[in-house]
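Worksheet: one structure, shown below.
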Amino acid sequence: MQISKYPQPTSPVEAEVRVQAPSPAPAKKVTAEQVTDGMARLRKKLEEMQGTKVQMNYDKDIDRVIIRYTSQSTGEVVHQIPTEKFVEFEKEFIKSVGLLFDHKA
């Protein structure tokens, strides 16, 4: 009798899935230049596909990339990821947490 802390496969397919499950890839460090280059290439492709202007900006305050789709004809923001309300909320949240934890007694 075989004792194992892992349940034994009940079918050949289940056994094959367990054997072929990929191990997680190690995290790769990416430079700011590589991110900027990738964002520029993505922006160009999206503009070609959608006929809209795409702006990608890094916001240091919230440590996040903000993507804005604007109409090429009017310049109006059509869509933003994350939304402006969420960005405002996140900035206020970070500010509030800083007031709570950065205060010296």
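The numbering used here numbers the first residue of the sequence shown as 88 and each following residue consecutively. In this text, a Cβ means the ideal position worked out from N, Cα and C, and glycines have one as well.
What separation, rounded to the nearest whole angstrom, lies between the Cα atoms of residue 145 and residue 135? Within the sequence shown, residue 145 is the residue found at index 58, counting from 1. Within the sequence shown, residue 135 is the residue found at index 48, counting from 1. Each residue's alpha carbon lies about 22 Å from the other.
Anyone know if the C-beta pair for residue 156 and residue 170 falls short of 8 Å? The residue given as residue 156 occupies position 69 in the sequence shown. The residue given as residue 170 occupies position 83 in the sequence shown. No, they are not a contact pair.
Using 8 Å as the threshold, is the C-beta distance between residue 168 and residue 181 below it? To locate residue 168, count along the sequence shown from 1; it is residue 81. To locate residue 181, count along the sequence shown from 1; it is residue 94. Taking 8 Å as the Cβ cut-off, residue 168 and residue 181 do not qualify as a contacting pair.
Give me the Cα-Cα distance between residue 125 and residue 188, rounded to the nearest whole angstrom. Counted from its first residue, the sequence shown places residue 125 at position 38. Counted from its first residue, the sequence shown places residue 188 at position 101. C-alpha separation (whole angstroms): 36 Å.
Do you know how far the Cα of residue 115 is from the Cα of residue 122? The residue labelled residue 122 in the question sits at position 35 within the sequence shown. The residue labelled residue 115 in the question sits at position 28 within the sequence shown. Between residue 122 and residue 115, the C-alpha separation is close to 13 Å.
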